[in-house]
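Colleague: Before I ask anything, here is the structure I am working with.
Number of protein chains: 2
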Amino acid sequence: MTQDTPDKLAIPPLGTLEVAVLVHLWRVPEASSKEVHAAIGVARGISVNTVQSTLERLYRKKLLKRFKASHAFRYAPQVAREQLVAGLVNEVLSRFGGDTASSLAASVEAANWLNEEALHTLEAELKNMRTRGEALHVR
Amino acid sequence: MTQDTPDKLAIPPLGTLEVAVLVHLWRVPEASSKEVHAAIGVARGISVNTVQSTLERLYRKKLLKRFKASHAFRYAPQVAREQLVAGLVNEVLSRFGGDTASSLAASVEAANWLNEEALHTLEAELKNMRTRGEALHVR
DNA sequence: TACAAAACCGATTGATCATCGGTTTTTGTG
DNA sequence: CACAAAAACCGATGATCAATCGGTTTTGTA
Numbered sequence: 005m006t007q008d009t010p011d012k013l014a015i016p017p018l019g020t021l022e023v024a025v026l027v028h029l030w031r032v033p034e035a036s037s038k039e040v041h042a043a044i045g046v047a048r049g050i051s052v053n054t055v056q057s058t059l060e061r062l063y064r065k066k067l068l069k070r071f072k073a074s075h076a077f078r079y080a081p082q083v084a085r086e087q088l089v090a091g092l093v094n095e096v097l098s099r100f101g102g103d104t105a106s107s108l109a110a111s112v113e114a115a116n117w118l119n120e121e122a123l124h125t126l127e128a129e130l131k132n133m134r135t136r137g138e139a140l141h142v143r
Numbered sequence: 005m006t007q008d009t010p011d012k013l014a015i016p017p018l019g020t021l022e023v024a025v026l027v028h029l030w031r032v033p034e035a036s037s038k039e040v041h042a043a044i045g046v047a048r049g050i051s052v053n054t055v056q057s058t059l060e061r062l063y064r065k066k067l068l069k070r071f072k073a074s075h076a077f078r079y080a081p082q083v084a085r086e087q088l089v090a091g092l093v094n095e096v097l098s099r100f101g102g103d104t105a106s107s108l109a110a111s112v113e114a115a116n117w118l119n120e121e122a123l124h125t126l127e128a129e130l131k132n133m134r135t136r137g138e139a140l141h142v143r
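Protein chains in written order, with the numbering used here: chain A, 5 to 143; chain B, 5 to 143.
Have a look at this one:
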């Protein structure tokens with residue numbers, strides 16, 4: 005085994021620029037530093053170098069993957085948005101202890117952006133999960 | 005109006021000691037700095053002053069309320085755990101954009117700690133919400 | 001009123017993000 | 001094959017914030 009610590013579930017803190025870059029790459033979903041700069045850097049009046057550092061940092065954090073295209077790197081998300089968000093949500097939930105279900109329920113309730121369709125989706129997912137959970141004997 | 009920025013929904017960043025203090029006070033649910041120190045400070049080998057600073061910080065952040073009992077302050081949570089967690093979860097959800105429902109679904113799915121009963125609770129809450137949501141015309 | 005307990009203040013340390021300048025590496029082309 | 005341009009890489013700086021504690025002032029109460 006080559007990993008010293010199994011960081012599978014530890015998500016590093018993310019700054020606002022880092023998040024902006026991620027969000028952009030989830031849409032694109034693949035770009036060079038130059039392109040990212042054009043898309044979100046110019047409007048912020050920051051240099052290409054800053055964007056590049058951010059891409060590098062996200063790469064080191066394993067949130068982006070990259071590959072050479074001719075002589076420039078192209079970056080792409082390493083994790084799906086839902087995956088990352090889920091990780092962060094679970095981190096919050098476990099960090100503050102207490103009852104998970106009621107916390108989640110409160111989260112849903114506090115959300116002012118849940119429309120009819122979204123509720124439907126969630127309900128379906130829950131029902132789905134439940135049957136599978138029973139089969140898999142979720143503790 | 006006296007407030008410069010409506011911080012209603014902005015939750016300040018919380019360190020590990022701050023969270024520990026909050027978690028403790030949700031259990032207690034009211035204590036002096038001395039008591040908090042005895043409960044969670046001693047085990048960490050930190051001074052009463054450190055605990056007091058933390059209590060003060062949480063008070064300034066409006067997460068604790070306090071009142072004098074004889075000459076010492078007693079602190080108590082200003083927000084319920086579910087409330088705070090919900091705020092943080094929603095912050096994460098909105099920060100990363102994308103589809104809320106699928107992100108929440110992924111969160112539930114990624115959780116390995118949801119048991120049969122918890123799922124039940126959540127489902128009930130959703131059903132409940134839905135009817136109310138329709139009545140309130142949630143966008 | 002004296003004193004012990006607690007609040008208050010301010011300084012220090014240590015992370016971490018954001019930002020950019022300067023240097024090295026790579027590569028396409030004349 | 002040499003060279004100029006483009007990109008990666010490295011390292012420094014500034015800002016913010018949590019955590020920590022020592023020292024000083026305030027305040028009940030015996």
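Ideal Cβ placement from N, Cα and C applies to all residues, glycine included.
Leaving out five residues on either side along the sequence, give the residues of the same chain with a beta carbon under 8 Å from the beta carbon of Leu140/B.
Modeller: As a working mapping, residue 140/B is identified with position 136 in the second sequence. In this prediction, Leu140/B has a pLDDT of 46, which is less than 50 and means its spatial position is unreliable; nothing more can be read from the coordinates.
Colleague: Could you check how far apart the C-beta atoms of Glu95/B and Thr58/B are, in whole angstroms? I think they sit under 8 Å.
Modeller: By one-based count along the second sequence, residue 95/B stands at place 91. By one-based count along the second sequence, residue 58/B stands at place 54. No, Glu95/B and Thr58/B are not in contact; Cβ-Cβ is about 22 Å, not under 8 Å.
Colleague: With C-beta atoms as the reference, is Trp30/B less than 9 Å away from Arg70/B?
Modeller: Taking the first residue of the second sequence as position 1, residue 30/B is located at position 26. Taking the first residue of the second sequence as position 1, residue 70/B is located at position 66. Contact flag unset, no.
Colleague: Should Ala24/B be labelled buried (16 or more other beta-carbon atoms within 10 Å of its own) or exposed?
Modeller: Along the second sequence, one-based indexing puts residue 24/B at 20. Per the 10 Å Cβ criterion, buried.
Colleague: Check whether the Cβ of Arg143/A lies closer than 9 Å to any Cβ atom in chain B.
Modeller: Your numbering for residue 143/A matches position 139 in the first sequence. A caution first: Arg143/A carries a pLDDT of 40, below 50, which makes its placement in the model too unreliable to give a value.
Colleague: Just how far apart, CA to CA, sit Ser51/A and Ala35/B?
Modeller: Numbered from 1 along the first sequence, position 47 holds the residue referred to as residue 51/A. Numbered from 1 along the second sequence, position 31 holds the residue referred to as residue 35/B. C-alpha separation (whole angstroms): 50 Å.
Colleague: Rounded to a whole number of angstroms, what is the C-alpha to C-alpha distance between Lys131/B and Glu120/A?
Modeller: Taking the first residue of the second sequence as position 1, residue 131/B is located at position 127. Taking the first residue of the first sequence as position 1, residue 120/A is located at position 116. Distance between the alpha carbons of Lys131/B and Glu120/A is about 11 Å.
Colleague: Taking the alpha carbon of Leu62/A as the reference point, which residue from Leu92/A, Leu26/A, Lys72/A has its own alpha carbon closest?
Modeller: Position 58 of the first sequence, counting from 1, holds the residue named residue 62/A. Looking at Leu92/A, Leu26/A, Lys72/A, the one whose alpha-carbon comes closest to that of Leu62/A is Leu26/A.
Colleague: Can you say whether Gly19/B is buried or exposed, counting buried as having 16 or more other CB atoms within 10 angstroms of its CB?
Modeller: Here residue 19/B refers to the residue found at position 15 when the second sequence is read from its first residue. Exposed, since its Cβ has fewer than 16 Cβ neighbours within 10 Å.
Colleague: Does the CB of Val40/B have a neighbour CB from chain A at under 9 Å?
Modeller: One-based indexing of the second sequence puts residue 40/B at position 36. Answer no: the Cβ-Cβ gap between Val40/B and chain A never drops below 9 Å.
Colleague: Whose Cβ in chain B lies nearer than 9 Å to the Cβ of Gln87/A?
Modeller: Within the first sequence, the letter at position 83 stands for residue 87/A. Contacts between Gln87/A and chain B, judged by CB atoms closer than 9 Å, involve Ala110, Ala114 in chain order.
Colleague: If you measure from the beta carbon of Gly45/B to each beta carbon in chain A, is any gap under 9 Å?
Modeller: The count along the second sequence starts at 1 and reaches residue 45/B at position 41. Answer no: the Cβ-Cβ gap between Gly45/B and chain A never drops below 9 Å.
Colleague: Can you tell me whether DSSP reads Leu68/B as helix, strand or coil?
Modeller: Translated into positions along the second sequence, residue 68/B becomes position 64. Of the three classes helix, strand and coil, the one that applies to Leu68/B here is strand, per DSSP.
Colleague: With 16 as the cutoff for other CB atoms within 10 Å, does His75/A come out buried or exposed?
Modeller: Here residue 75/A refers to the residue found at position 71 when the first sequence is read from its first residue. Label assigned to His75/A: exposed.
Colleague: Measure the Cβ-Cβ separation of Thr125/A and Ser106/B and say whether it is below 9 Å.
Modeller: The residue you call residue 125/A lines up with position 121 of the first sequence. The residue you call residue 106/B lines up with position 102 of the second sequence. In this structure, Ser106/B lies closer than 9 Å to Thr125/A by Cβ.
Colleague: Can the beta-carbon of Pro33/A be found closer than 9 Å to that of Ala110/A?
Modeller: By one-based count along the first sequence, residue 33/A stands at place 29. By one-based count along the first sequence, residue 110/A stands at place 106. Between Pro33/A and Ala110/A, the C-beta gap is not smaller than 9 Å, which leaves the two residues out of contact.
Colleague: Would you identify the three-state DSSP class for Ala42/B, choosing helix, strand or coil?
Modeller: In the second sequence, residue 42/B corresponds to position 38, counting from 1. In the structure shown, Ala42/B sits in a helix (DSSP, three-state: H, G or I).
Colleague: Of the choices Ile44/B, Val89/B, Ala43/B, Gln56/B, whose alpha-carbon is the least far from that of Ser37/B?
Modeller: Working through the second sequence from its first residue, we reach residue 37/B at position 33. Taking only the C-alpha atoms, the option nearest Ser37/B is Gln56/B.
Colleague: Pull up the distance between the alpha-carbon of Ser128/B and that of Arg64/B, whole angstroms please.
Modeller: Sequence index remark: in the second sequence, residue 128/B carries index 124 (1-based). Sequence index remark: in the second sequence, residue 64/B carries index 60 (1-based). First, the residue type needs correcting, since residue 128/B is Ala and not Ser in the sequence shown. Near 37 Å, if we compare the C-alpha coordinates of Arg64/B and Ala128/B.
Colleague: By the three-class DSSP mapping on this structure, what secondary structure does Ala14/A have?
Modeller: Position 10 of the first sequence, counted from the first residue, corresponds to residue 14/A. Correct three-state label for Ala14/A: coil.
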